[in-house]
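Peer 1: Heads up: the protein sequence lines correspond to chains A and B, in order. The first sequence: position 283 = 283 (this note's numbering), numbered continuously. Each number in this note's numbering corresponds to the 1-based position in the second sequence with 288 added. We put the beta carbon where it would ideally sit given N, CA and C, even for glycine.
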Amino acid sequence: MSDLCTVAKELLQSGQVKLIVGYEKGSGPHRTRPVVIRSAEEAGRLVFDHHSLNNLAVYLTRKEIKHEGRIGIVAKGCDVRAIVQLIQEKQVKREDVVIIGMACDGVVREFGLAWEREHVAPKCAVCDVRTPHLYDILVGSPAPFEPPADSQLARIEQLKAMPPAERWAFWEREFEKCIRCYACRQICPMCFCDRCIADKSVPQWLESSASRRGNLAWNIMRAFHLAGRCVGCGECDRVCPVDIPLSLLNREMALVAKQEYGYEPGRDPEAPTLIGTYDKDDRQDFIQ
Amino acid sequence: MSESNWEPKIVAIVCNWCTYTGADLAGTSRMKYQPNVRIIKLPCTGRIDPVFILKAFERGADGVLVSGCHPGDCHYNAGNFHARRRWMLFRDLLDFVGIEPERLQFSWVSASEGRKWVDVINGVTDAVRARGPFTGYQAINKEFVAHE
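Shown next as structure tokens:
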């Protein structure tokens, strides 16, 4: 990781960035945690490995650090997609961020797991950005990596093959577990609203108690607000304390976006967003 | 309400300029249609946040119809184009969580299409009637009904 530290040191020393958001060694084996460094002396703290799980793009829109100046960010390809989507949505200016793109050989699905084949995060199965598609500085080059099977898609197809009543029962059981901690929202780089609809009480669109009705409404609206925006980093899945398979909903929306509109979020910083634009000839055979 | 005299509750969320006027035309032309529909008028289909649709189900709707101006006819030029993309995603999402597609339908009804409005409402009502009460959603509502 000496490359990363050298890059970080130079960026801070030369004043190109005020701070760098990256990963440092965590509190135990197979763990890292996010760190913000502000001086060249701290550059040695940065690490990057199969356990650099957090999508640090979530910090780019945080007022607490945004005002400090130009931000350097350590980003895997999937994180870069989140940054690009933020640029597309005008939340981040390209010139305000220095992307330290990390060639990535895959990550584990959660902290504490050793780097083994059965522990690989599901998103790595369909990753095509092991070398990030956009960066200012690239660190490393990807090693050969045999991706695991696409377990997410298999589960989605399995769900779709069920009759609606069974799907409903499946999701009802999943949503029933929700304790409305909003960890999925806090970790999500795309959930940057100053005031989330879930926190509004006049009028109260989403029942705020952890009831079956409120949980259904919250989880549906969360998924919908991310439709065509979610880059599939899978952080919501990782942080959910009750293991609701949230990324199945997100992935399903991504599949529709791709299939119907040929759109993938976070690919092209110049492209308009999916629902910020339209085509006069968009499909409408479902409308009478 | 006992099962024998159950009638579907349909909520129609419509735009002010086309569909509402079309429904008005059906009324002033004295056309008859099934009385199961409750109309909610908004300025434009572009103003229809999908959370409104969920709210309708929460409040006991068995089916929801969303209707507005034909493409190209929007009073605000592009409201219905934007809405159309959202509907595509939202209906797929509801289908994915197990809400039958018949319970959420969409139509374009212009100000002059009173006849079409009648046909659409009759069609939606019949389709929802065939599906029966939306027991899935009503079951998760039970803990709240006492307060409302």
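Just reading off the beta strand (DSSP E) that G101(A) is part of, what are its end residues?
Peer 2: 97-102
Peer 1: Helix, strand or coil for R180(A)? Go by DSSP, reduced to three states.
Peer 2: coil
Peer 1: Spell out the partners DSSP gives R185(A) in its beta bridges.
Peer 2: DSSP, once it has assigned bridges, lists no residue as partnering R185(A).
Peer 1: Below 8 Å on the Cβ atoms is my guess for F394(B) versus Q288(A); work out the distance and round it to an integer in Å.
Peer 2: F394(B) to Q288(A), Cβ: 7 Å. Contact.
Peer 1: Whose CA, out of R195(A), L56(A), A125(A), lies closest to the CA of V36(A)?
Peer 2: L56(A)
Peer 1: Give a yes or no on contact between the segment 108-121 of chain A and the segment 55-71 of chain A, applying the rule of three or more CB pairs nearer than 8 Å.
Peer 2: Taking a cut-off of 8 Å for Cβ pairs, the segment 108-121 of chain A and the segment 55-71 of chain A do not touch, as fewer than three such pairs fall below it.
Peer 1: Are the beta-carbon atoms belonging to V447(B) and L392(B) less than 8 Å from one another?
Peer 2: With chain B running from 289 to 436 in the structure shown, residue 447(B) is simply not present.
Peer 1: Can you pull the DSSP bridge partners for L330(B)?
Peer 2: C303(B)
Peer 1: Report yes if the C-beta distance between R109(A) and P122(A) is below 8 Å; otherwise report no.
Peer 2: yes
Peer 1: Flag this pair as touching only if the segment 417-427 of chain B and the segment 335-350 of chain B have three or more C-beta atom pairs under 8 Å; answer yes or no.
Peer 2: yes
Peer 1: Closer than 8 Å, Cβ to any Cβ of chain A: which residues of the segment 312-324 of chain B, in chain order?
Peer 2: Within the segment 312-324 of chain B, not one residue has a Cβ closer than 8 Å to any Cβ of chain A.
Peer 1: Unbroken beta strand (DSSP E) runs of length 3 or more, entirely within the segment 336-393 of chain B: which are they?
Peer 2: Fully enclosed beta strand (DSSP E) runs of 3 or longer: 351-356.
Peer 1: Along the chain, where does the alpha helix (DSSP H) containing V84(A) start, and where does it finish?
Peer 2: Boundaries of the alpha helix (DSSP H) around V84(A): 77-88.
Peer 1: Rank M253(A), E10(A), R45(A) by C-alpha distance to the C-alpha of G26(A) and give the top, closest one.
Peer 2: R45(A)
Peer 1: Report the neighbours of L274(A) on chain B: residues whose CB is nearer than 9 Å to its CB, in chain order.
Peer 2: For a Cβ distance threshold of 9 Å, residue set R373, L377 of chain B lies close to L274(A), ordered along the chain.
Peer 1: Under 7 Å from any heavy atom of the ligand NAP, does the C-beta of K329(B) make it?
Peer 2: In terms of ligand content, the structure shown is empty, and the ligand NAP therefore cannot be addressed.
Peer 1: Between Y321(B) and the rest of its own chain, which residues show a CB-CB distance below 6 Å, the 5 nearest in sequence each way excluded?
Peer 2: The residues are V406, I409, N410.
Peer 1: Take the Cβ of R372(B) as the centre, count every other Cβ of all protein chains shown within 10 Å, and call the residue buried at 16 or more, exposed below.
Peer 2: buried
Peer 1: If F175(A) and N215(A) are in contact, beta carbons under 8 Å, what's the gap, nearest whole angstrom?
Peer 2: So it is a contact: roughly 4 Å between Cβ atoms.
Peer 1: Which value, in whole angstroms, describes the spacing of the CA atoms of P163(A) and A43(A)?
Peer 2: 55 Å
Peer 1: Chain B beta carbons: is any one of them nearer than 8 Å to that of G164(A)?
Peer 2: According to the sequence shown, residue 164(A) is Pro rather than Gly. Yes, P164(A) counts as interfacial toward chain B.
Peer 1: Do you know whose CA, among C178(A), M190(A), T32(A), E41(A), lies nearest K90(A)'s CA?
Peer 2: Restricting attention to C178(A), M190(A), T32(A), E41(A), the CA atom closest to the CA of K90(A) is found in M190(A).
Peer 1: Check the DSSP bridge columns for I244(A) and list the partner residues they point to.
Peer 2: Per DSSP, none; premise fails for I244(A).
Peer 1: How would you label S52(A), buried or exposed, when you count the other beta carbons within 10 angstroms and need 16 or more for buried?
Peer 2: By the 10 Å Cβ count, S52(A) comes out buried.
Peer 1: Per DSSP, what are the beta-bridge partners of G22(A) in this structure?
Peer 2: V35(A)
Peer 1: Leaving out the 5 sequence neighbours to the left and right, which residues in its chain are closer than 6 Å to P148(A) when beta-carbon positions are compared?
Peer 2: V120, A125
Peer 1: Among the candidates K404(B), I387(B), K430(B), A427(B), whose CA atom is the shortest distance from the CA of V416(B)?
Peer 2: I387(B)
Peer 1: With a threshold of 8 Å between beta carbons, is G232(A) in contact with chain B?
Peer 2: Chain B, which has no Cβ nearer than 8 Å to the Cβ of G232(A), makes this no.
Peer 1: Tell me where the beta strand (DSSP E) around L138(A) begins and ends.
Peer 2: 137-139
Peer 1: Pair every Cβ in the segment 65-75 of chain A with every Cβ in the segment 99-109 of chain A, then say whether three or more of these pairs are closer than 8 Å.
Peer 2: yes
Peer 1: Secondary structure at G411(B), three-state DSSP: helix, strand or coil?
Peer 2: helix
Peer 1: Among A40(A), V84(A), K258(A), L159(A), whose alpha-carbon lies nearest the alpha-carbon of G15(A)?
Peer 2: A40(A)
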